[in-house]
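In the working numbering, the protein residues as written are 11 to 297.
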Amino acid sequence: MGTILVNDQFLDRENGSVDIEDRGYQFGDGVYEVVRVYGGNMFTAKEHLERLFESAEKIHLTLPFTYDELVARLEKLMEVNQLDTGIIYLQVTRGSSARQHHFPEQTKAVLTAYTKEVARPVADMTAGVKAIITDDVRWLRCDIKSLNLLGNLLAKQEAVSKGGFEAVLHRDGTVTEGSSSNVFIISGDTLYTHPATNLILNGITRREILKLCKEIGLSVAEQAFTLEALANADEVFMASTTAEVMPLVQLDETPVGNGKPGEWTQKLQAAFEEAVQKQCGSLAQTI
Ligand code: PDD
């Protein structure tokens, strides 16, 4: 995992450096993606990389590479690092210039990427995890996968300090998403999740799950739901690139249902594994 990508250069990690006036470093002025790798193959790469281009456009950042160039570089990065099961983290910042808040006329965007071995969280996915509920204090452009994550970090830290895995966020009693995931409830035979507006990140895992619901016969309502609906739900889960379909079996101090992953959630987990296997030809359980 010792090789990193800086623009079109492959460097030893020790030789990478960040300019002190890089706008990503000073302002969080940039965008990022996390792509899952199973058996040496990227899962839903197209969706992730297209979202990177969309996020960049939303912050008026022109990416200095084509989609195909980016794919080729990431493929090579995985290969040189011999990544089997893990993630690729990639980010693009607006680059360096004398510090000023408004966008400089001329900067060269900086792409960096690295790989990391990350096992599938099989034990947590089997048993389910605890989440806490907290206020969504973030800005109004959560649809952008921006490097600015302080609002998310504060919520995650609160969750971890209370023994939780995730924080479920709400605005005035309406659930939006998790601090680093999307959140879903199932009531009866219907799955509810916040619509893909400016208030959430339209997760790639979320999109995959909505497709899988059709396959397994679970109705989908992309409708915002309240804290009350969350408390009364039969099943609750979160989803993200790294956590996949992760059952939430406790919210604050209250168990969800019987405190075990629900049946629909387990069906979605199985369908998700199948989708990964189909696309990546492998599903390593451990590394
Ligand atoms: N986080 N919502 C937020 C706020 C997120 O940060 C993420 C992912 C998601 C789920 O998106 P996806 O399914 O595309 O991973 C939703 C990544 C994994 C992270 O920051 O590490």
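We put the CB at the ideal spot given by N, CA and C, even for glycine.
Check, Outcome
"Would you say the beta carbon of G213 is closer than 8 Å to some non-hydrogen atom of the ligand PDD?", "yes"
"State the Cα-Cα distance for the pair S197 and A231, rounded to the nearest angstrom.", "11 Å"
"Does the Cβ of E283 lie closer than 8 Å to at least one heavy atom of the ligand PDD?", "no"
"Would you kindly work out how many angstroms separate the C-alpha atoms of C152 and L201, rounded to a whole number?", "22 Å"
"Less than 8 Å separating the Cβ of R61 from some heavy atom of the ligand PDD?", "yes"
"According to DSSP, simplified to helix, strand and coil, what is L112?", "Checking the sequence, you will find His at residue 112 rather than Leu. Three-state result, H112: coil."
"Along the chain, where does the alpha helix (DSSP H) containing L261 start, and where does it finish?", "From DSSP, L261 is part of no alpha helix (DSSP H) but of the beta strand (DSSP E) over E254 to L261."
"Measure from the alpha carbon of R148 to the alpha carbon of each residue in T76, T186, G213 and E238, then state which is nearest.", "T186"
"Take A177 as the anchor and find which of V255, I154, T215 and D146 has the nearest alpha-carbon.", "D146"
"Assign E43 to one of two classes, buried (16 or more other C-beta atoms within 10 Å of its C-beta) or exposed (fewer than that).", "buried"
"How long is the line joining the alpha carbons of F53 and G173, rounded to whole angstroms?", "30 Å"
"Taking DSSP as the reference, what is the three-state secondary structure of A241?", "helix"
"Am I right that T103 and A119 are in contact with their C-beta atoms under 8 Å? What's the rounded C-beta distance?", "7 Å"
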